[in-house]
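Participant: In our numbering, the protein residues as written are 18 to 272.
I am attaching a structure below and will ask some questions about it afterwards.
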(Lines of atoms letter the chains of each structure in order from A; the text may use other names.)
(Lines give C-alpha, C1' and ligand atoms only; values in the text may rest on other atoms or scores of the structure.)
Protein backbone atom coordinates (compact mmCIF):
# COMPACT_ATOMS: atom_id res chain seq x y z
CA UNK A 18 0.00 0.00 0.00
CA UNK A 19 1.26 3.49 -0.88
CA UNK A 20 -0.16 6.84 0.25
CA UNK A 21 -0.22 9.58 -2.40
CA UNK A 22 -1.78 12.72 -0.92
CA UNK A 23 -2.44 15.90 -2.83
CA UNK A 24 -5.01 17.86 -4.84
CA UNK A 25 -8.02 16.11 -3.40
CA UNK A 26 -6.87 12.69 -4.52
CA UNK A 27 -5.85 13.73 -8.02
CA UNK A 28 -2.16 12.85 -7.53
CA UNK A 29 -3.01 9.27 -6.60
CA UNK A 30 -5.63 9.13 -9.35
CA UNK A 31 -3.03 10.09 -11.94
CA UNK A 32 -0.67 7.35 -10.75
CA UNK A 33 -3.31 4.62 -10.72
CA UNK A 34 -4.83 5.62 -14.04
CA UNK A 35 -1.54 4.80 -15.77
CA UNK A 36 -1.09 1.36 -14.16
CA UNK A 37 -1.09 -1.58 -16.56
CA UNK A 38 -0.57 -4.49 -14.15
CA UNK A 39 -4.24 -5.10 -13.22
CA UNK A 40 -3.21 -5.06 -9.54
CA UNK A 41 -2.83 -1.32 -8.86
CA UNK A 42 -6.01 0.11 -7.38
CA UNK A 43 -7.06 3.36 -5.72
CA UNK A 44 -8.89 3.67 -2.42
CA UNK A 45 -10.44 7.05 -1.78
CA UNK A 46 -13.66 9.04 -1.68
CA UNK A 47 -16.05 8.89 -4.61
CA UNK A 48 -15.53 12.64 -4.98
CA UNK A 49 -12.46 11.85 -7.11
CA UNK A 50 -14.96 10.87 -9.82
CA UNK A 51 -18.03 12.92 -8.91
CA UNK A 52 -16.76 16.33 -7.76
CA UNK A 53 -13.10 16.72 -8.76
CA UNK A 54 -13.74 16.64 -12.55
CA UNK A 55 -15.85 19.78 -12.14
CA UNK A 56 -13.26 21.61 -10.04
CA UNK A 57 -9.97 20.72 -11.71
CA UNK A 58 -9.89 21.57 -15.41
CA UNK A 59 -6.12 21.56 -15.96
CA UNK A 60 -5.10 18.07 -14.87
CA UNK A 61 -3.96 16.96 -18.29
CA UNK A 62 -6.12 13.84 -18.13
CA UNK A 63 -9.82 13.03 -17.77
CA UNK A 64 -10.58 11.51 -14.38
CA UNK A 65 -13.80 9.87 -15.48
CA UNK A 66 -12.30 8.46 -18.66
CA UNK A 67 -9.15 7.24 -16.90
CA UNK A 68 -10.68 5.60 -13.81
CA UNK A 69 -13.76 3.57 -12.99
CA UNK A 70 -15.34 2.50 -9.70
CA UNK A 71 -14.99 -1.18 -8.83
CA UNK A 72 -17.13 -0.97 -5.70
CA UNK A 73 -18.33 1.52 -3.13
CA UNK A 74 -17.00 0.10 0.14
CA UNK A 75 -19.17 2.09 2.48
CA UNK A 76 -21.24 5.25 2.62
CA UNK A 77 -20.84 8.20 4.97
CA UNK A 78 -22.57 11.48 5.59
CA UNK A 79 -22.04 14.95 6.95
CA UNK A 80 -23.65 16.29 10.13
CA UNK A 81 -24.83 19.89 10.26
CA UNK A 82 -23.58 21.15 13.62
CA UNK A 83 -23.86 24.60 15.14
CA UNK A 84 -22.43 26.38 18.13
CA UNK A 85 -25.18 26.41 20.80
CA UNK A 86 -24.75 30.18 21.19
CA UNK A 87 -26.13 30.58 17.67
CA UNK A 88 -29.53 29.40 18.89
CA UNK A 89 -29.81 26.99 15.97
CA UNK A 90 -31.23 23.59 16.90
CA UNK A 91 -33.46 22.97 13.88
CA UNK A 92 -33.07 23.46 10.16
CA UNK A 93 -35.84 26.05 10.26
CA UNK A 94 -33.78 28.15 12.68
CA UNK A 95 -30.66 27.62 10.57
CA UNK A 96 -32.53 29.14 7.62
CA UNK A 97 -33.26 32.22 9.73
CA UNK A 98 -29.58 33.06 10.21
CA UNK A 99 -28.70 36.40 8.58
CA UNK A 100 -26.78 36.38 5.27
CA UNK A 101 -23.76 37.78 7.13
CA UNK A 102 -23.39 34.41 8.90
CA UNK A 103 -20.41 32.19 8.16
CA UNK A 104 -20.02 28.43 7.87
CA UNK A 105 -16.98 26.19 8.21
CA UNK A 106 -15.83 23.43 5.89
CA UNK A 107 -12.88 21.07 5.65
CA UNK A 108 -11.67 22.93 2.57
CA UNK A 109 -12.82 24.08 -0.88
CA UNK A 110 -14.53 21.34 -2.87
CA UNK A 111 -14.66 18.88 0.05
CA UNK A 112 -17.85 17.01 0.96
CA UNK A 113 -18.54 19.46 3.79
CA UNK A 114 -18.25 22.45 1.46
CA UNK A 115 -20.32 20.98 -1.35
CA UNK A 116 -22.99 19.70 1.04
CA UNK A 117 -23.47 23.12 2.56
CA UNK A 118 -23.69 24.73 -0.86
CA UNK A 119 -26.32 22.15 -1.81
CA UNK A 120 -28.29 23.01 1.33
CA UNK A 121 -28.03 26.76 0.75
CA UNK A 122 -29.27 26.22 -2.80
CA UNK A 123 -32.19 24.11 -1.57
CA UNK A 124 -33.21 26.59 1.13
CA UNK A 125 -32.45 29.81 -0.71
CA UNK A 126 -30.26 30.93 2.18
CA UNK A 127 -26.96 32.81 1.96
CA UNK A 128 -23.86 32.44 4.11
CA UNK A 129 -20.15 33.06 3.69
CA UNK A 130 -17.83 30.07 3.33
CA UNK A 131 -14.81 29.83 5.64
CA UNK A 132 -12.58 26.92 4.53
CA UNK A 133 -10.21 25.07 6.87
CA UNK A 134 -7.54 22.43 6.36
CA UNK A 135 -9.65 19.44 7.30
CA UNK A 136 -12.73 18.69 9.42
CA UNK A 137 -10.84 18.85 12.72
CA UNK A 138 -9.87 22.53 12.46
CA UNK A 139 -13.32 23.34 11.08
CA UNK A 140 -14.97 21.73 14.11
CA UNK A 141 -12.64 23.60 16.48
CA UNK A 142 -13.71 26.98 15.14
CA UNK A 143 -17.40 26.08 15.32
CA UNK A 144 -16.76 25.04 18.93
CA UNK A 145 -15.02 28.36 19.59
CA UNK A 146 -17.88 30.31 18.02
CA UNK A 147 -15.72 31.88 15.31
CA UNK A 148 -18.18 30.46 12.77
CA UNK A 149 -21.79 29.53 13.49
CA UNK A 150 -22.19 26.15 11.81
CA UNK A 151 -20.72 23.59 9.45
CA UNK A 152 -21.25 20.18 7.92
CA UNK A 153 -18.69 17.82 9.48
CA UNK A 154 -18.39 14.03 9.67
CA UNK A 155 -19.92 12.39 12.72
CA UNK A 156 -16.70 10.73 13.85
CA UNK A 157 -15.19 14.20 14.42
CA UNK A 158 -18.13 15.93 16.09
CA UNK A 159 -19.68 13.05 18.08
CA UNK A 160 -17.95 13.72 21.44
CA UNK A 161 -18.75 17.42 21.21
CA UNK A 162 -22.41 16.72 20.42
CA UNK A 163 -22.61 14.26 23.31
CA UNK A 164 -21.07 16.79 25.69
CA UNK A 165 -23.44 19.54 24.55
CA UNK A 166 -20.70 21.74 23.17
CA UNK A 167 -22.13 21.39 19.65
CA UNK A 168 -25.74 21.15 18.52
CA UNK A 169 -26.42 18.51 15.86
CA UNK A 170 -29.11 19.87 13.54
CA UNK A 171 -29.44 17.56 10.54
CA UNK A 172 -27.85 14.67 8.64
CA UNK A 173 -26.95 15.11 4.98
CA UNK A 174 -27.74 11.61 3.71
CA UNK A 175 -31.15 10.07 3.12
CA UNK A 176 -30.64 7.83 6.15
CA UNK A 177 -29.95 8.90 9.70
CA UNK A 178 -26.50 8.59 11.23
CA UNK A 179 -25.70 5.33 13.01
CA UNK A 180 -23.87 7.31 15.69
CA UNK A 181 -26.53 10.01 16.07
CA UNK A 182 -29.82 8.22 15.38
CA UNK A 183 -32.04 10.89 16.96
CA UNK A 184 -30.83 13.62 14.59
CA UNK A 185 -33.19 14.03 11.60
CA UNK A 186 -32.04 14.09 8.01
CA UNK A 187 -32.30 17.23 5.91
CA UNK A 188 -34.98 15.44 3.89
CA UNK A 189 -36.99 14.79 7.06
CA UNK A 190 -36.58 18.43 8.05
CA UNK A 191 -38.59 19.81 5.15
CA UNK A 192 -36.51 19.17 2.02
CA UNK A 193 -37.67 15.86 0.52
CA UNK A 194 -35.19 14.29 -1.87
CA UNK A 195 -32.17 16.02 -0.35
CA UNK A 196 -29.34 13.49 -0.33
CA UNK A 197 -25.66 14.28 0.10
CA UNK A 198 -24.22 10.81 0.65
CA UNK A 199 -20.56 10.08 0.02
CA UNK A 200 -18.70 6.81 -0.42
CA UNK A 201 -15.35 5.26 0.35
CA UNK A 202 -14.54 3.80 -3.04
CA UNK A 203 -12.28 1.26 -4.69
CA UNK A 204 -11.27 2.51 -8.15
CA UNK A 205 -9.25 1.00 -10.98
CA UNK A 206 -7.82 2.08 -14.32
CA UNK A 207 -10.61 2.15 -16.88
CA UNK A 208 -8.72 -0.53 -18.82
CA UNK A 209 -9.23 -3.13 -16.07
CA UNK A 210 -11.21 -6.02 -17.58
CA UNK A 211 -14.78 -6.32 -16.33
CA UNK A 212 -14.29 -9.90 -15.19
CA UNK A 213 -11.41 -8.89 -12.91
CA UNK A 214 -13.36 -5.94 -11.50
CA UNK A 215 -16.29 -8.24 -10.72
CA UNK A 216 -14.03 -10.76 -9.00
CA UNK A 217 -12.46 -8.02 -6.85
CA UNK A 218 -15.90 -6.72 -5.91
CA UNK A 219 -17.08 -10.15 -4.81
CA UNK A 220 -13.99 -10.60 -2.65
CA UNK A 221 -14.45 -7.15 -1.10
CA UNK A 222 -18.11 -7.85 -0.40
CA UNK A 223 -17.27 -11.12 1.34
CA UNK A 224 -14.79 -9.30 3.59
CA UNK A 225 -17.05 -6.35 4.41
CA UNK A 226 -20.30 -8.15 5.13
CA UNK A 227 -19.09 -10.10 8.14
CA UNK A 228 -20.75 -9.16 11.41
CA UNK A 229 -17.46 -8.02 12.93
CA UNK A 230 -16.57 -5.77 10.00
CA UNK A 231 -20.03 -4.21 9.86
CA UNK A 232 -19.79 -3.39 13.56
CA UNK A 233 -16.32 -1.93 13.21
CA UNK A 234 -17.40 0.31 10.33
CA UNK A 235 -20.57 1.34 12.16
CA UNK A 236 -18.36 2.69 14.96
CA UNK A 237 -17.00 5.10 12.33
CA UNK A 238 -20.50 5.96 11.06
CA UNK A 239 -19.86 4.00 7.87
CA UNK A 240 -22.57 1.85 6.26
CA UNK A 241 -21.41 -1.15 4.26
CA UNK A 242 -22.33 -0.93 0.57
CA UNK A 243 -19.98 -3.24 -1.40
CA UNK A 244 -22.12 -2.85 -4.50
CA UNK A 245 -21.34 -4.16 -7.98
CA UNK A 246 -19.23 -2.29 -10.54
CA UNK A 247 -22.40 -1.63 -12.54
CA UNK A 248 -24.25 -0.22 -9.52
CA UNK A 249 -21.23 1.87 -8.57
CA UNK A 250 -20.91 3.29 -12.07
CA UNK A 251 -24.58 4.29 -12.17
CA UNK A 252 -24.38 6.04 -8.81
CA UNK A 253 -21.16 7.73 -9.92
CA UNK A 254 -22.84 9.07 -13.07
CA UNK A 255 -25.84 10.32 -11.12
CA UNK A 256 -23.72 12.04 -8.47
CA UNK A 257 -21.41 13.53 -11.10
CA UNK A 258 -24.44 15.28 -12.60
CA UNK A 259 -25.76 16.35 -9.18
CA UNK A 260 -22.50 17.87 -7.99
CA UNK A 261 -21.89 19.45 -11.36
CA UNK A 262 -24.95 21.58 -10.83
CA UNK A 263 -23.62 22.76 -7.46
CA UNK A 264 -20.15 23.45 -8.87
CA UNK A 265 -21.62 25.58 -11.63
CA UNK A 266 -23.81 27.44 -9.17
CA UNK A 267 -20.83 28.29 -6.94
CA UNK A 268 -18.54 28.92 -9.93
CA UNK A 269 -15.88 26.97 -8.07
CA UNK A 270 -12.63 25.99 -9.78
CA UNK A 271 -9.49 24.90 -7.93
CA UNK A 272 -6.79 25.02 -10.59
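Heads up, the beta-carbon is just placed ideally off N, CA and C, and yes, glycines get one too.
Would you say residue 31 faces chain D, with C-beta separation under 8 Å as the test?
Facilitator: The chain labelled as chain D is not found in the depicted structure, where only one protein chain is given.
Participant: Skipping 5 residues on each side, what residues in its chain have a beta carbon closer than 8 Å to that of residue 85?
Facilitator: Within the same chain, residue 85 has close Cβ partners 165, 166, 167, 168.
Participant: Kindly indicate which residue of 220, 94, 76 has the alpha-carbon position closest to the one of residue 124.
Facilitator: Minimum Cα distance to residue 124 is reached at 94.
Participant: Does the count of Cβ pairs from the stretch 146 to 159 and the stretch 55 to 64 closer than 8 Å reach three?
Facilitator: Contact between the stretch 146 to 159 and the stretch 55 to 64 is absent, because fewer than three Cβ pairs lie under 8 Å.
Participant: Could you check the C-alpha separation between residue 268 and residue 219 for me, to the nearest Å?
Facilitator: Their backbone Cα atoms lie some 39 Å apart in a straight line.
Participant: Should residue 129 go down as buried or exposed, given a rule of 16 or more other Cβ atoms within 10 Å for buried?
Facilitator: Exposed.
Participant: Could you tell me the boundaries of the alpha helix (DSSP H) in which residue 195 lies?
Facilitator: Looking at the DSSP string, residue 195 is not in any alpha helix (DSSP H), and its letter there is neither H nor E.
Participant: Would you mind working out which of 253, 181, 194, 88 sits nearest residue 201, comparing C-alpha positions?
Facilitator: Checking every option, the nearest Cα to that of residue 201 belongs to 253.
Participant: Three Cβ pairs or more, each shorter than 8 Å: is that satisfied between the stretch 174 to 188 and the stretch 69 to 80?
Facilitator: Counting Cβ pairs under 8 Å, three or more are found: they touch.
Participant: Quick check on residue 203: does DSSP put it in helix, strand or coil?
Facilitator: Reduced to three states, the DSSP call for residue 203 is strand.
Participant: Helix, strand or coil: which one does DSSP assign to residue 166?
Facilitator: Residue 166: coil per DSSP, three-state reduction.
Participant: Just to confirm before moving on: does the CB-CB distance between residue 189 and residue 73 stay below 8 Å?
Facilitator: Not a contact, by the Cβ cut-off of 8 Å.
Participant: What does residue 151 pair with, by DSSP beta-bridge criteria?
Facilitator: 82, 105.
Participant: Closest by CA to residue 145, which one among 134, 135, 161?
Facilitator: Of the listed residues, the one whose Cα sits closest to residue 145 is 161.
Participant: Give a yes or no on whether the C-beta atoms belonging to residue 204 and residue 42 are separated by under 8 Å.
Facilitator: Yes; because the gap between Cβ atoms is below 8 Å, this pair is in contact.
Participant: CB residue 46 to CB residue 249, shorter than 8 Å?
Facilitator: Against a cut-off of 8 Å, the Cβ pair of residue 249 and residue 46 comes out as no contact.
Participant: Thinking just about the alpha-carbon of each residue, which of 246, 121, 109, 159 is nearest to the one in residue 270?
Facilitator: Residue 270 has its Cα closest to that of 109, out of 246, 121, 109, 159.
Participant: Among the residues of its own chain, which have a CB less than 7 Å from the CB of residue 39, if the five just before and after it don't count?
Facilitator: Here the set comprises 209, 213.
Participant: Sort 236, 55, 57, 118 by Cα distance to residue 182 and report the nearest one.
Facilitator: Per the Cα distances, 236.
Participant: Short check: CB of residue 139 to CB of residue 106, under 8 Å?
Facilitator: Yes, they are a contact pair.
Participant: For residue 159, which of helix, strand or coil comes out of DSSP?
Facilitator: Helix.
Participant: Are three or more beta carbon pairs between the stretch 223 to 233 and the stretch 52 to 59 nearer than 8 Å?
Facilitator: These segments do not touch.
Participant: Rounded to the nearest angstrom, what separates residue 216 and residue 136 at their Cα positions?
Facilitator: Cα to Cα, the separation comes out at about 35 Å.
Participant: Pull up the distance between the alpha-carbon of residue 31 and that of residue 103, whole angstroms please.
Facilitator: Approximately 35 Å between the Cα atoms of the pair.
Participant: Would you grab the beta carbon distance between residue 179 and residue 238 for me? Rounded to a whole angstrom, and I think it's under 8 Å.
Facilitator: That pair is a contact at about 5 Å.
Participant: Have a look at 37, 35, 193, 48 and flag the residue whose alpha-carbon is nearest the alpha-carbon of residue 255.
Facilitator: The shortest Cα separation from residue 255 among 37, 35, 193, 48 belongs to 48.
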